[in-house]
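Asker:
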Amino acid sequence: MRLGQVVPNFLADTTAGRFQFYDWLGDSWCLLVSHPADFTPVCTSELSRLAESHNEFWKRGVKLLALSCDRLRSHHAWIEDLKRFCRNAPSEFPYPIISDESRDLAVLLDLIDEDQKDNPEMAMTVRSVYVIGPDRRIKLTMQYPNSTGRSMDEMLRVIDSLQLTSRLKVVATPSDWEPGKQVMVLPHVKQEDLPSLFPGGVDTIECPSGQTYIRTTSDIWREPWRTRAPPGRPMAETFHPTLAAQSMDESTSLNEVIKFIDDVARLPNLRQMPLGDLMELTSSLVTETTYTTSTSERLQAMTKFLRSLTP
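First residue of the sequence shown? That's 1 in the UniProt record's numbering, and the numbers climb one at a time after it.
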C-alpha cells in the first residue's frame, strides 16, 4: 500500500476475538506489523519487544496490531513464549495478533514477498510496518527482510514525528530527530509570520547558495506543568501557547467558558500530546477544581488553571 492510501475495512480473527478493523480502530492511530511466522527467533524478539513497549505506544494514542498467516491456536500458544521473553510482561498480552490463514488480508494489504506472490498457499507475510492515522490513511510504511528485526525505538520516533507534524503543519523533523530537539520550519512559511508562530525565535542557517530555506526552532517545546508529573512519569514537552486566554470573570457565560476550554483543547501541540500525558493534564485540571463547590466557582477555578497554560 502507498502513503496516503485509505486502509480498507476488514473482518479479522485475532487473539482478542473477531472484529471489524474500523470498529476496533475508532479514532486512534494504529501500528500494524506483520511477521513471517510464529515460533521463529527474530519474530519472537520483535513482538516481545513490542509488548514491552506497549505503554509507550498507548501514551501516544496508538493501538498495536500484529498479523501473520499462522493459525489462531498457534498465535495463542506462541504468546506464552512471547510473554516469557518480555521484561515486566503484563499478565494479559497487550495487543491482538491477526490470524490470516487464507492470506486474503496479506494480499489486500500488500504484505506478501514478491518472490512468493504467485504461490499464495505457501506465501508468508514479510516484516512490514504500517502507521495508520485516525483518518484510516497510511502515514508511514517500512519493509524489512526476514533476516533483519525491526527497532521499536525507531517506530516510536517516527510516530512522534508524524503526530507532531500532523498537528503543526508548519514544521518538519530533520534527520535523526528526537523529541526535544529542534525542528525545521517549512519553506512555505513566510518570514513575516515567524514571530507570531514562534515567539521564542527561529534560527536561520546561512547557505553558500544565499538561500534561507534552512530555519530551525525549539519554540514548540514547553514544560509549564512538568512539576505536576509523578515520579517516573514525565509530562509532555509539547505545549505551544498559540491562544491567548480570554479575560473571564463571574459575568462570563457558561457557553463562553466551554468554548474557551474547547479552543484550548484544540491547540495544535495539546492535541498531539501523548495520551497518557493528556490524561495527567486532565487530572490536574480536575484537581484544581475539586475544592470548590458551586458551578460558578468551579468554572472560575478551571478558567484560572487554563489561563495559566497560556501567556
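Even glycine gets a Cβ: it sits at the ideal position worked out from N, Cα and C.
Everything numeric in this text was worked out from a predicted model, so none of it was measured.
(1) Exposed or buried, D160, counting other C-beta atoms within 10 Å across all chains shown (16 or more means buried)?
(2) Name the two residues that bound the continuous alpha helix (DSSP H) containing C43.
(3) Is the segment 49-57 touching the segment 164-184 in the sense that three or more CB pairs, one from each, lie closer than 8 Å?
(4) Could you have a look at V33 and say whether DSSP puts it in helix, strand or coil?
(5) By Cβ distance, which residues of its chain are closer than 6 Å to L3, with the 5 residues on each side in sequence left out?
(6) May I have the straight-line CA-CA distance separating E80 from D70, to the nearest angstrom?
(7) In three-state terms, what does DSSP make of L197?
(8) Taking the alpha helix (DSSP H) that K83 falls in, what are its first and last residues?
(9) With DSSP collapsed to three states, give me the class of Q143.
(10) Checking 7 Å against the spacing of the C-beta atoms, do Y213 and P187 come in under that value?
(11) Count the other CB atoms within 10 Å of the CB of S175; is the residue buried (16 or more) or exposed (fewer)?
(12) Which stretch, first to last residue, makes up the alpha helix (DSSP H) that contains S161?
(13) Within 10 angstroms of its Cβ, does G61 collect 16 or more other Cβ (buried), or is it exposed?
(14) Per DSSP, what kind of secondary structure is V189 in: helix, strand or coil?
(15) Which term fits residue 336, buried or exposed, when burial requires 16 or more other beta carbons within 10 angstroms of its beta carbon?
(16) If you count every other CB in all the chains shown that lies within 10 Å of the CB of I205, and 16 or more means buried, which is it?
(17) Closer than 8 Å by C-beta to R150: which residues in its own chain qualify, once you throw out the five before and the five after it? Chain order, please.
(18) What is the rounded straight-line gap between the Cα of L67 and the Cα of D219?
(19) Excluding the five sequence neighbours on either side, which residues of its own chain have a C-beta within less than 7 Å of the C-beta of C43, listed in chain order?
(20) Mind checking who M184 pairs with in its DSSP beta bridge?
(21) Tell me, to the nearest whole angstrom, how far the beta carbon of I132 is from that of W29; I am working on the premise that it is less than 8 Å.
(22) Note down, in chain order, each residue of its chain lying with its Cβ closer than 7 Å to the Cβ of V6, except the 5 sequence neighbours on either side.
(23) Just the Cα atoms here: how many angstroms apart are I97 and M184?
(24) Taking the C-alpha atoms as reference points, what is the distance between T217 and Q20?
(25) Check whether the Cβ atoms of S99 and L72 sit closer than 7 Å, and answer yes or no.
(26) I need the DSSP call for V7, collapsed to helix, strand or coil.
(27) Measuring CA to CA, which of F85, P41 and P8 is closest to L25?
Answerer: Quick answer:
(1) buried
(2) P41 to E52
(3) No: the two stretches stay apart, fewer than three of their Cβ pairs being nearer than 8 Å.
(4) It is a strand residue.
(5) I138
(6) 15 Å
(7) helix
(8) L72 to F85
(9) Q143 falls in the strand class under three-state DSSP.
(10) It is a contact, given that the beta carbons lie within the stated cut-off.
(11) exposed
(12) M152 to R167
(13) buried
(14) coil
(15) With the chain covering only 1 through 311, there is no way to say anything about residue 336.
(16) exposed
(17) Around R150: V33, E46, R127, V129, M142 and Y144.
(18) 40 Å
(19) H35, P36 and A37
(20) A172 and T216
(21) Right, the Cβ-Cβ distance comes to about 7 Å (below 8 Å), so this counts as a contact.
(22) R136 and R137
(23) 37 Å
(24) Their backbone Cα atoms lie some 42 Å apart in a straight line.
(25) yes
(26) coil
(27) P8
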